[in-house]
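Accompanying notes for the structure given below.
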Amino acid sequence: MKLKTKILIAAAAAFASTAAVAGLSQPAPVDVDLVNRIAQGDMVSAQQAKDNVTFIGCGIRKISTGAGVVTTGFCQAGDADEEQFTCFTQDPDLLAATASTADFSFITFAWNEDGECTRIGFSTQSFYLTKNQVK
Amino acid sequence: MKWLIGLSAAQVLLLVLIGVRMIAIDMRTEEIADTADAARLAAQALASQPRAQTPQPVFHAAASSPDSETAPDDEALRLIIREELAAWGASGRAANTGGGQQAVTNAAREAAKPYDPAQAVIAQSTFDQEFDRYKSRGRITDTEMDLLQAKLAELPPDAQRAALIKLTRAINNGEIEGRF
């Protein structure tokens, strides 16, 4: 194959791969503010952080007991500055919110002085995805 | 000639027997009809009487109306009233509690089976022992966290919240290294 042909093919391939990942990219690194009692960040940025302390997520536990099913939700986050916090909730509305999380969600939560979650929010947007997820 | 006379006699005898049988059937039919009338009259009389045991203000007027040809069945009325009262009771409890959905959730949980005070004391003691063990060790594994939360779930609602605050505070203060 001639060199000129190879160059043309390589250029076409580079152009094609670039075109496939066009669009707004706006990652949200995890940040835990212990003073204002809020934490936020997207899970993709957390998972791809260069350190090994960054994380963010929410979960729920349903436990069947003799008195019925006990449901407890929680959110937790840790940032690159090694500031981390975990809050819990048994409020039905906030528990329902924890079910809104998706694989690549942006998560934000707040808490009170007792460590109870007072706000839980999720947002699933394309700009939280990275080039590695889009192919 | 003789056998004609015999046949005639037999014919007369059969006719007499048929007649007697018809009279008996008529009498039985009248007896049955009289019984049905009596039962209907008794039912109407019972429906028109005011109920002394369970007051039914909604349907009393309809039941006592002499012109009502379609008085509702008493048993069906009682069933309907019981269902409506049960539905009203459930919605009334939810509306009157100040905690909204949380109160409904807690009430439903408590209505399932009340917490035994003796068991609650044991559950609290067990949780406290486990918590102190993890705190002295300084860490808790994911499996241990699941087991600890299972013990926490056995506590009464107020004690659950207190235990969650205690556990969360220990994790956030760094006294216990672990994750929910």
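These protein sequence lines map, in sequence, to chains A and B.
According to the numbering used here, the first sequence is numbered sequentially starting from 275.
According to the numbering used here, the second sequence is numbered sequentially starting from 84.
Cβ atoms here follow ideal geometry from the backbone N, Cα and C, with glycine treated the same way.
As the structure is a prediction and not an experimental result, all values here were calculated from the model.
Output the distance between the C-alpha atoms of residue 200/B and residue 221/B, rounded to the nearest integer angstrom.
Sequence index remark: in the second sequence, residue 200/B carries index 117 (1-based). Sequence index remark: in the second sequence, residue 221/B carries index 138 (1-based). Each residue's Cα considered, the two are about 31 Å apart.
Run through the DSSP bridge pairs and tell me what residue 351/A is partnered with.
Looking up residue 351/A in the first sequence gives position 77. The partner list for residue 351/A (beta bridge, DSSP) reads 330/A, 359/A.
Limits of the unbroken beta strand (DSSP E) element including residue 397/A
As a first step, residue 397/A is located in the first sequence; it is residue number 123 there, counting from the start. Run containing residue 397/A: 391 to 397, per the beta strand (DSSP E) assignment.
Please return the same chain residues whose Cβ sits closer than 6 Å to the Cβ of residue 374/A, not counting the five positions on each side in sequence.
In the first sequence, counting from the first residue as 1, residue 374/A sits at position 100. Closer than 6 Å at the Cβ level, and outside the excluded window around residue 374/A, lie 396.
Thinking C-alpha only, which one of 371/A, 383/A, 329/A, 336/A is nearest residue 355/A?
In the first sequence, the residue the question calls residue 355/A occupies position 81. The shortest C-alpha separation from residue 355/A is found at 329/A.
Let me check one thing: in DSSP terms, what residues is residue 222/B bridge-paired to?
Looking up residue 222/B in the second sequence gives position 139. Residue 222/B is bridged to 260/B.
Taking only three categories from DSSP, how would you classify residue 215/B?
Counted from its first residue, the second sequence places residue 215/B at position 132. Three-state DSSP puts residue 215/B in a helix.
8 Å Cβ shell around residue 277/A - same chain, five flanking residues per side excluded
Along the first sequence, read from residue 1 onward, the residue named residue 277/A stands at position 3. Nothing meets the Cβ criterion.
Going straight from the alpha carbon of residue 190/B to that of residue 383/A, what length do you get?
As a position in the second sequence, residue 190/B is number 107, starting the count at 1. As a position in the first sequence, residue 383/A is number 109, starting the count at 1. Note on residue 190/B: pLDDT 47, under 50, position unreliable in the model; the coordinate value appears next. Distance between the alpha carbons of residue 190/B and residue 383/A is about 27 Å.
Identify, in the order they occur along the chain, each residue of the same chain with its Cβ nearer than 7 Å to the Cβ of residue 260/B, setting aside the five sequence neighbours on each side.
One-based indexing of the second sequence puts residue 260/B at position 177. The residues are 221, 222.
Spell out whether any CB of chain A is found under 8 Å from the CB atom of residue 223/B.
Position 140 of the second sequence holds residue 223/B. Not closer than 8 Å to any Cβ of chain A, the Cβ of residue 223/B fails to qualify, so no.
Which class does residue 102/B belong to by DSSP, given the choice of helix, strand or coil?
By one-based count along the second sequence, residue 102/B stands at place 19. Residue 102/B: helix per DSSP, three-state reduction.
Touching by the beta-carbon criterion (3+ pairs, under 8 Å), the region 356 to 373 of chain A and the region 298 to 310 of chain A
yes
Counting pairs of Cβ atoms below 8 Å between the region 209 to 228 of chain B and the region 309 to 326 of chain A, do you hit three or more?
no
Range of the contiguous alpha helix (DSSP H) that encloses residue 318/A:
By one-based count along the first sequence, residue 318/A stands at place 44. Run containing residue 318/A: 317 to 321, per the alpha helix (DSSP H) assignment.
Whose C-alpha, out of 338/A, 377/A, 346/A, is nearest the C-alpha of residue 400/A?
As a working mapping, residue 400/A is identified with position 126 in the first sequence. It is 377/A whose Cα lies nearest to the Cα of residue 400/A.
Amino acids of chain A, ordered along the chain, whose beta-carbon sits closer than 9 Å to that of residue 243/B
Position 160 of the second sequence, counted from the first residue, corresponds to residue 243/B. Residues of chain A passing the Cβ test: 344, 346, 364.
Please state whether DSSP places residue 305/A in a helix, a strand or coil.
What you label residue 305/A is simply residue 31 of the first sequence in a count that begins at 1. Note: residue 305/A maps to strand in three-state DSSP.
Can you name the start and end residues of the alpha helix (DSSP H) that residue 382/A belongs to?
For the purposes of this step, residue 382/A is taken as residue 108 along the first sequence, with counting starting at 1. Per DSSP, residue 382/A belongs to no alpha helix (DSSP H); it is in the beta strand (DSSP E), 380 to 385.
Interface flag, residue 300/A vs chain B, CB-CB below 8 Å
Numbered from its first residue, the first sequence carries residue 300/A at position 26. Output row for residue 300/A: interface = no.
Where residue 257/B and residue 163/B are concerned, what is the direct C-alpha to C-alpha distance, given to the nearest angstrom?
Counting from 1 along the second sequence, the entry for residue 257/B is found at position 174. Counting from 1 along the second sequence, the entry for residue 163/B is found at position 80. Looking at the two C-alpha atoms, the distance is approximately 59 Å.
Which residues does DSSP list as the beta-bridge partners of residue 314/A?
Working through the first sequence from its first residue, we reach residue 314/A at position 40. Partner(s): 305/A, 382/A.
Determine, for residue 389/A, whether the minimum Cβ-Cβ distance to residues of chain B falls below 8 Å.
Taking the first residue of the first sequence as position 1, residue 389/A is located at position 115. It does; some Cβ of chain B falls within 8 Å.
Using the beta-carbon of each residue, which ones in chain B are nearer than 8 Å to residue 359/A?
Here the question's residue 359/A lines up with position 85 in the first sequence. What residue 359/A touches in chain B: 255.
Starting from residue 240/B and walking both ways along the alpha helix (DSSP H), at which residues does that stretch end?
Taking the second sequence and counting its residues from 1, the one referred to as residue 240/B is at position 157. It spans 240 to 255 - the alpha helix (DSSP H) in which residue 240/B sits, taken as one unbroken run.
Counting pairs of Cβ atoms below 8 Å between the region 362 to 371 of chain A and the region 228 to 235 of chain B, do you hit three or more?
no
At which residues does the alpha helix (DSSP H) containing residue 375/A begin and terminate?
In the first sequence, the residue the question calls residue 375/A occupies position 101. First-last for residue 375/A: undefined, no H or E at that position.
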